[in-house]
Structures are given as structure tokens and as C-alpha cells.
Amino acid sequence: MAADEPLVLGIETSCDETGVGIVHGTTLLADAVASSVDTHARFGGVVPEIASRAHLEAMVPTIERALKTAGISAKDLDGIAVTAGPGLAGALLVGVSAAKAYAYALGKPLYGVNHLASHICVDQLEHGKLPEPTMALLVSGGHSSLLLSSDITSDVRPMGATIDDAAGEAFDKIARVLDLGFPGGPVIDRLAREGDPKAIAFPRGLSGSRDPAYDFSFSGLKTAVARWIEAKRAAGEDVPVRDVAASFQEAVVDVLTRKAVRACKDEGVDHLMIGGGVAANSRLRALAQERCERAGIRLRVPRPGLCTDNGAMVAALGSEMVARNRPASDLELSADSSLPVTDPHVPGAHAHDHDHDHVHEVSKENLYS
Amino acid sequence: MDTATPAVTVALHDGEAVIASSSQVDARRHGELLMPAVDRVLKEAGLKIDAVTGIVVGVGPGPYTGLRVGLVTAAAFSSALGVPVHGLCTLDGLAYASGLDEPFAVATDARRKEVYWARYEDSRTRVTDAAVDRPAEIAEGLAGLPVVGAGARLYPEAFPDARDPEHQSAAALAALAAEKLAAGGDGFLEPLPLYLRRPDAQVPKNYKVVTPK
Ligand SMILES: [Zn+2]
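Same order as they appear, the protein sequences are chains R and E. Just so we're aligned: the first sequence equals residues 127 to 495 in my numbering. Just so we're aligned: the second sequence equals residues 5 to 217 in my numbering.
1. Could you check which residue in R:449, R:456 and R:458 has the C-alpha nearest to that of residue 279 of chain R?
2. Output the distance between the C-alpha atoms of residue 18 of chain E and residue 307 of chain R, rounded to the nearest integer angstrom.
3. Strictly under 8 angstroms for the Cβ-Cβ distance: is residue 237 of chain R near chain E by that measure?
4. Can you tell me the Cα-Cα spacing of residue 266 of chain R and residue 337 of chain R, whole angstroms?
5. In three-state DSSP terms, what is residue 88 of chain E?
6. Taking 7 angstroms as the cut-off, does the CB of residue 241 of chain R come closer than this to any heavy atom belonging to ligand 1?
7. Can you check whether the CB of residue 443 of chain R is closer than 8 angstroms to the CB of residue 227 of chain R?
8. What's the call for residue 141 of chain E, buried or exposed, on a 16-neighbour Cβ count within 10 Å?
9. Heavy atom of ligand 1 less than 7 angstroms from the Cβ of residue 266 of chain R, yes or no?
10. Is the closest heavy atom of ligand 1 to the C-beta of residue 168 of chain E under 7 angstroms?
11. Is the closest heavy atom of ligand 1 to the C-beta of residue 245 of chain R under 7 angstroms?
12. Do we get a CB-CB distance below 8 angstroms when we pair residue 197 of chain E with the residues of chain R?
13. By Cβ distance, which residues of its chain are closer than 8 angstroms to residue 495 of chain R, with the 5 residues on each side in sequence left out?
14. At what residues does the beta strand (DSSP E) containing residue 100 of chain E begin and finish?
15. Please check the pair residue 441 of chain R and residue 233 of chain R, which I expect to be a contact at CB under 8 angstroms, by giving their CB distance rounded to whole angstroms.
16. Less than 8 angstroms between the beta carbons of residue 80 of chain E and residue 224 of chain R, yes or no?
17. Just tell me which of R:221, R:231, R:178 and R:195 has its CA closest to the CA of residue 201 of chain R.
18. Using a Cβ-Cβ cut-off of 8 angstroms, state whether residue 146 of chain R counts as contacting chain E.
19. Please report the residue range of the beta strand (DSSP E) in which residue 148 of chain R lies.
20. Output the distance between the C-alpha atoms of residue 67 of chain E and residue 149 of chain E, rounded to the nearest integer angstrom.
21. Which of the three DSSP states is assigned to residue 341 of chain R in this structure?
22. Within the segment 147 to 230 of chain R, note down every full beta strand (DSSP E) run reaching 3 residues or more, in order along the chain.
23. Identify the continuous alpha helix (DSSP H) that holds residue 383 of chain R and give its terminal residues.
24. For residue 299 of chain R, which of R:394, R:251, R:352 and R:196 has the nearest alpha-carbon?
25. In chain E, which residues lie with their C-beta within 8 angstroms of the C-beta of residue 344 of chain R?
26. Does any residue of chain R bring its CB to less than 8 angstroms from the CB of residue 92 of chain E?
27. Less than 7 angstroms separating the Cβ of residue 238 of chain R from some heavy atom of ligand 1?
28. Just the chain R side, please: which residues come within less than 7 angstroms of residue 81 of chain E by C-beta, in chain order?
29. Ordered along the chain, which non-local residues of its own chain (more than five positions away) have a Cβ less than 8 angstroms from that of residue 137 of chain E?
30. Quick one: what does DSSP say residue 281 of chain R is sitting in, helix, strand or coil?
31. Any heavy atom of ligand 1 within a distance shorter than 7 angstroms of the CB on residue 269 of chain R?
32. So, using beta-carbon positions, are residue 455 of chain R and residue 466 of chain R closer together than 8 angstroms?
33. State whether the segment 163 to 172 of chain R contacts the segment 186 to 206 of chain R, with contact taken as three or more CB pairs (one from each stretch) at a distance under 8 angstroms.
34. So which residues of chain R does residue 85 of chain E contact, with C-beta pairs closer than 7 angstroms?
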């Protein structure tokens with residue numbers, strides 16, 4: 127860890143986790159999280175106003191905890207990064223406001239960054255610098271996207287995305303149909319380990335030869351699974367919960383991994399990164415590993431704690447913004463609930479980016495040799 | 005600072021008087037407007053933020069999203085600068101600014117056809133807790149009293165004697181806080197939000213049966 131690498135604090139409040147991370151270059155120093163997931167559980171989904179209230183309560187204590195864990199003073203920071211979007215508007219606003227206040231009070235540059243790009247960049251904390259280009263499969267309760275990035279601070283290109291439900295949403299909905307509670311991902315993963323993934327042939331969405339090659343659809347699968355369960359119940363038969371969980375999960379991860387590997391092959395990319403909450407799914411990790419190996423692609427998946435929403439991922443991208451001399455955001459920075467994935471960060475209105483190939487080359491030599 | 009109402013308002017008080025202030029009324033851009041306003045006010049006074057020895061923040065009541073901007077900013081400033089943060093009821097700022105020396109009420113817009121309101125004995129003395137109600141339900145109890153704030157103008161049938169100011173000003177809030185600090189520092193609230201409403205959280209109905217019956 128070189129002494130001149132950026133020391134950055136990152137704040138994430140786009141959904142129900144209040145996350146604050148501190149990184150030094152690509153080294154993780156602290157990753158503090160306060161979650162309101164238990165409060166949402168009885169509603170069967172994230173309630174925006176409850177999430178926002180919880181963020182306000184947890185925000186400053188979580189920042190202070192992260193600073194303490196990292197053993198640094200806020201004065202030593204080289205920048206403050208914050209998720210500017212996409213996400214829940216009211217929730218984002220709490221983090222953005224806190225980040226501005228810290229940045230202004232401490233006289234540090236502020237970087238409003240993209241939540242999706244952060245999910246990709248977090249892998250630098252686990253496996254070192256991201257290969258360029260990297261293909262990324264982001265799957266969570268809020269997103270299912272295939273993204274291609276040649277420079278995580280400036281170039282993120284959408285290859286495909288879900289046309290209806292996010293993958294994690296499908297897990298939550300099926301868990302609800304099976305009365306397994308919220309969130310659905312971990313419990314379905316656990317039950318599926320004892321079930322037969324081939325027991326029931328559930329449909330693979332958008333997998334026909336004329337369908338979009340990289341887009342996803344989980345709505346039809348969700349309906350098919352629910353219908354299958356209802357038919358069992360209507361016939362007075364027991365629902366084989368473990369087999370249903372395993373077969374449903376297999377249908378999801380089969381499509382995700384097949385399309386991700388295909389995108390890598392088509393684009394000549396030899397690295398696949400998987401992130402987002404669903405990347406914690408054990409079957410997704412195993413099948414991706416198997417298929418990547420067969421295709422000669424190197425798979426990078428951060429540990430589960432870094433796959434779910436957290437502040438470390440925001441700090442990781444912020445650190446990269448500092449390292450590559452990207453322009454900072456200004457004090458008017460908005461929380462943008464629909465920030466496009468193609469905007470890895472939100473530079474200030476008067477900032478002018480230098481020729482970024484040049485900056486990139488220079489910083490590469492200076493910071494990563 | 006106060007962001008509990010449509011006004012995004014910031015003022016700097018040196019213990020004697022307000023030396024700079026900024027107020028903008030824009031109910032939808034609290035997040036964008038607050039920090040540039042802080043910067044403007046400090047620059048106008050020729051000071052840096054580390055000259056600030058205390059933060060005063062309006063804790064509402066107010067519609068949630070905007071209210072949180074001021075509160076989290078105040079808490080973050082307090083943490084980053086190592087200075088105390090004092091909460092004041094937003095309605096108290098309006099009451100203080102009215103300068104009224106007789107019984108009156110303050111009412112702000114709570115949206116959903118309701119107002120946040122409280123009764124005052126004079127401009128420094130609130131005699132009821134802040135509450136949220138429909139104007140028609142409280143009109144009788146406040147009959148004959150002047151009513152300060154935007155809530156009065158919105159519902160002239162319920163509150164015929166509307167008085168100034170219409171909008172909250174951090175200058176008034178800071179002046180009130182300076183008085184309290186000079187008198188020993190009592191009478192502040194915790195810098196926590198006064199929502200007065202439970203979060204809108206519907207428990208989703210049982211999953212929709214997809215098989216046609
Ligand atoms: Zn996420």
C-alpha cells in the first residue's frame with residue numbers, strides 16, 4: 127500500500143443499508159453498516175420512508191464508527207464519496223447531504239458516484255485492480271444488469287438488463303409465495319441445497335434464438351413457479367419446498383451465467399465480475415465458476431459482505447476517482463434516483479475533464495506500478 | 005439553518021446580531037440549495053466554517069424529505085467540526101419572528117390538507133406541543149387569534165387573521181437561539197426530527213394469486 131494512495135470515505139444510502147466505508151487505495155480499512163432490513167421484513171419489502179428515517183438516525187454514528195475502526199482522523203481524508211444514484215430518492219438524499227456537510231466542513235473534495243459502478247469497483251478491494259475491460263453482472267433486489275467497463279471512472283456501457291423484475295425481486299416474491307419471509311435470497315439458497323434443481327423444469331426467460339441476447343426477464347418465471355405451487359396446493363398435495371427452491375434458483379442462475387459468459391465471448395473479454403446482493407448466492411457462484419472455467423474466463427466475485435450494498439464500494443470508486451484525477455462534484459450535487467448507469471460519477475457543472483486517456487495513462491503508472 | 009418548510013434558510017449570528025443570511029423558497033430542492041447557501045452566508049461574512057462555534061437547526065415539524073436535509077447536515081457539521089448542535093421547534097422561529105405580544109398561533113403547511121400548528125402566549129412562549137391537524141378541526145379553538153405562517157394563508161376560511169411572516173427564517177431562529185444561549189443555554193430540543201406522522205407503510209397484501217379461478 128503506497129503512502130500516496132488516496133484515503134477516501136464512502137457513504138451509501140440508496141436503499142435500506144446505511145453504509146460507510148474507508149479505503150486507502152485498494153485497501154479496505156473500515157466497512158460499517160447499519161441495516162433497517164429487520165424493520166422492513168414484516169412489510170415484505172423495503173418501505174422508502176422507513177428506510178429514510180433509519181438513515182437519518184444511523185448516518186453520523188455510522189460515519190464516526192467507520193473512522194474509529196479505520197483508526198484515522200477525518201482530517202486525513204483525501205475525499206468524501208457518496209452514492210448520488212440510482213436508488214430511493216429520500217434515502218439517497220440523507221447520504222448526499224451528510225457527505226456534503228463533511229466535505230465542506232473538512233475542506234475535502236466531494237465525489238457523487240454511481241451505485242452500479244461502485245458495485246463493480248468494490249472488487250478492487252478483494253482482488254486488486256480491475257482488469258480493463260471488465261464484464262460485470264450485477265444482480266440484486268434492485269438491479270439485474272450486464273455492464274462492460276473499460277475504465278470504471280469514465281466508461282460503463284450497458285450490455286443488457288432485466289426488462290421486468292430484478293433477479294433478487296424474483297427471489298423475494300417466490301419466498302413470499304412459499305411463506306419463507308423476507309428477504310428471500312438467503313433462505314431459498316439454503317433450502318435449495320437440499321433440493322433437486324432438475325426436479326421441475328421452470329422456464330428460462332428470454333432464452334430463445336430471437337430474444338435479445340443479453341437482456342433478462344424473470345416475471346414469466348415467477349408466474350410459472352407461483353402457478354406450479356398453486357396447482358399443487360389446489361390438488362391438496364404437499365409442496366416440495368426444497369425442490370421448488372432448487373429448480374427456481376437453477377432457472378435464474380442458469381440464464382444469468384449463460385448470458386454473462388456469452389457477452390464475454392462476444393466482446394472478447396476474458397474477465398467476468400459478479401456483484402450485487404444476489405452474487406452472495408452459492409449456486410450462482412458455483413455455476414459461474416464452472417462455466418467461466420470452461421470458457422477460459424477469469425471470474426471475480428467479491429466476498430458476500432462486499433456484494434450487498436455497503437459503503438466500502440462507494441469509497442473504492444471514490445478512491446479511483448481521486449487516483450485518476452476525475453473532477454469533483456460541486457455543492458449543488460443532487461440525489462438522482464434514476465442516475466444513468468453510463469454516468470460513473472457526477473462532476474460539478476463547471477468541472478472540465480481533462481483528456482482522460484492521458485490522465486488514465488499517467489495515473490496508471492504513478493499509482494499502480 | 006432550517007429546512008422543515010418550503011424555505012431553505014441559513015443565517016450566521018455572532019452572539020450580538022445576525023451578520024449574514026440567505027432564504028430561498030423552493031419546496032423541492034432542499035438538498036441542492038442548502039450547502040451553497042451555507043457557503044454563501046459564510047463568504048458574505050468573510051468567515052470559514054471552522055469559525056462556527058455552534059449549530060442551531062429547526063427540527064420541524066415538517067414534511068419528511070426536506071426536514072432530514074437540515075438535520076443530517078447539522079449532525080454532520082457537529083461531528084466534523086466538534087461543535088454542539090441545538091434543536092429548536094421550527095414553529096418557534098416563526099413565532100419569534102412575528103414579534104407578537106398577544107396570544108396567537110403558528111401554522112405551516114403539512115400538505116394532505118393539514119397544517120402543523122401550535123399556540124403561543126407571546127412570541128417567545130409556546131403553550132401547546134406542535135401538532136398536525138385539518139384546519140377546520142382546529143379553527144374553532146383558535147377563533148379570534150392571529151395565525152402566523154404559510155398555513156394561515158393557505159386556509160383563510162379557518163384562519164381569517166393571517167399574520168407575517170409567511171416563511172421561516174434562520175435569522176429569527178438564530179436570534180432566538182442566541183437569546184437562549186446568553187441566558188444559560190436552556191430550552192433547546194434534541195436535534196431529532198419532529199415528524200408527527202407515522203411513516204406511510206402499507207403491509208403488502210398477500211401475494212396475488214396468478215392462476216385464474
Ligand atoms: Zn445495490
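Where a beta carbon is used, it is the ideal one built from N, C-alpha and C, also for glycine. These figures come from a predicted structure and were not determined experimentally.
So, from the listed chains and residues:
1. Reading the first sequence from its first residue, position 153 is the one you call residue 279 of chain R. When each option's Cα is compared against that of residue 279 of chain R, the closest is R:449.
2. The residue given as residue 18 of chain E occupies position 14 in the second sequence. The residue given as residue 307 of chain R occupies position 181 in the first sequence. Each residue's alpha carbon lies about 55 angstroms from the other.
3. Taking the first residue of the first sequence as 1, we reach residue 237 of chain R at position 111. Not one beta carbon of chain E lies nearer than 8 angstroms to the beta carbon of residue 237 of chain R.
4. Here residue 266 of chain R is taken as the residue at index 140 of the first sequence, counted from 1. Here residue 337 of chain R is taken as the residue at index 211 of the first sequence, counted from 1. Their backbone Cα atoms lie some 23 angstroms apart in a straight line.
5. Against the second sequence, residue 88 of chain E aligns to sequence position 84. In the three-state reduction of the DSSP assignment, residue 88 of chain E falls in the coil class, being assigned neither a helical nor a strand state.
6. Taking the first sequence and counting its residues from 1, the one referred to as residue 241 of chain R is at position 115. True, at least one ligand heavy atom lies under 7 angstroms from that Cβ.
7. Working through the first sequence from its first residue, we reach residue 227 of chain R at position 101. Working through the first sequence from its first residue, we reach residue 443 of chain R at position 317. No, they are not a contact pair.
8. In the second sequence, counting from the first residue as 1, residue 141 of chain E sits at position 137. By the Cβ-count criterion, residue 141 of chain E is exposed, with fewer than 16 other Cβ atoms from all chains shown falling within 10 Å of its own Cβ.
9. In the first sequence, the residue the question calls residue 266 of chain R occupies position 140. At least one heavy atom of ligand 1 is nearer than 7 angstroms to the Cβ of residue 266 of chain R, so yes.
10. Locating residue 168 of chain E in the second sequence gives position 164, counting from the first residue. Every heavy atom of ligand 1 is 7 angstroms or more from the Cβ of residue 168 of chain E, so no.
11. Here residue 245 of chain R refers to the residue found at position 119 of the first sequence. Residue 245 of chain R: yes, Cβ under 7 angstroms from ligand 1.
12. Position 193 of the second sequence, counted from the first residue, corresponds to residue 197 of chain E. For residue 197 of chain E, the answer is yes, since a Cβ of chain R falls inside 8 angstroms of its Cβ.
13. As a first step, residue 495 of chain R is located in the first sequence; it is residue number 369 there, counting from the start. Here the model assigns residue 495 of chain R a pLDDT of 24, short of 50, so the residue's position is not dependable, and the following value carries that caveat. No residues qualify anywhere along the chain.
14. Here residue 100 of chain E is taken as the residue at index 96 of the second sequence, counted from 1. Residue 100 of chain E -> not in any beta strand (DSSP E); alpha helix (DSSP H) instead, spanning 94 to 102.
15. Translated into positions along the first sequence, residue 441 of chain R becomes position 315. Translated into positions along the first sequence, residue 233 of chain R becomes position 107. Not confirmed; about 19 angstroms, so no contact.
16. The count along the second sequence starts at 1 and reaches residue 80 of chain E at position 76. The count along the first sequence starts at 1 and reaches residue 224 of chain R at position 98. Taking 8 angstroms as the cut-off, the Cβ atoms of residue 80 of chain E and residue 224 of chain R count as close.
17. Position 75 of the first sequence holds residue 201 of chain R. Closest option to residue 201 of chain R, Cα to Cα, is R:231.
18. By one-based count along the first sequence, residue 146 of chain R stands at place 20. Put simply, the CB of residue 146 of chain R is far from chain E, with every gap to its CB atoms at 8 angstroms or more.
19. Here residue 148 of chain R is taken as the residue at index 22 of the first sequence, counted from 1. First-last of the beta strand (DSSP E) with residue 148 of chain R: 143 to 150.
20. The residue you call residue 67 of chain E lines up with position 63 of the second sequence. The residue you call residue 149 of chain E lines up with position 145 of the second sequence. Straight-line Cα distance between these residues: approximately 25 angstroms.
21. Stepping through the first sequence from its first residue, residue 341 of chain R is reached at position 215. Coil.
22. Restricted to the segment 147 to 230 of chain R, the beta strand (DSSP E) segments that are unbroken, complete and at least 3 residues in length are 153 to 161 and 205 to 211, listed in chain order.
23. Here residue 383 of chain R is taken as the residue at index 257 of the first sequence, counted from 1. Note, residue 383 of chain R: alpha helix (DSSP H), 367 to 393.
24. Within the first sequence, residue 299 of chain R is the residue found at index 173, counting from 1. Of the candidates R:394, R:251, R:352 and R:196, the one whose C-alpha sits nearest the C-alpha of residue 299 of chain R is R:352.
25. Stepping through the first sequence from its first residue, residue 344 of chain R is reached at position 218. Residues of chain E passing the Cβ test: none, with the nearest at roughly 14 angstroms.
26. If you number the second sequence from 1, residue 92 of chain E lands on position 88. Not one chain R Cβ lies under 8 angstroms of residue 92 of chain E.
27. Along the first sequence, read from residue 1 onward, the residue named residue 238 of chain R stands at position 112. If you check the C-beta of residue 238 of chain R against ligand 1, you find no heavy atom less than 7 angstroms away.
28. Here residue 81 of chain E refers to the residue found at position 77 of the second sequence. Neighbours of residue 81 of chain E on chain R, chain order: 227 and 231.
29. In the second sequence, counting from the first residue as 1, residue 137 of chain E sits at position 133. Cβ within range, chain order: 118, 119 and 121.
30. For this step, residue 281 of chain R is matched to residue 155 along the first sequence. Strand.
31. Along the first sequence, one-based indexing puts residue 269 of chain R at 143. Yes, ligand 1 has a heavy atom inside 7 angstroms of this Cβ.
32. Your numbering for residue 455 of chain R matches position 329 in the first sequence. Your numbering for residue 466 of chain R matches position 340 in the first sequence. Contact: no.
33. No, because fewer than three Cβ pairs between the segment 163 to 172 of chain R and the segment 186 to 206 of chain R fall closer than 8 angstroms, the two stretches do not touch.
34. As a working mapping, residue 85 of chain E is identified with position 81 in the second sequence. Those are 231, listed as they occur along chain R.
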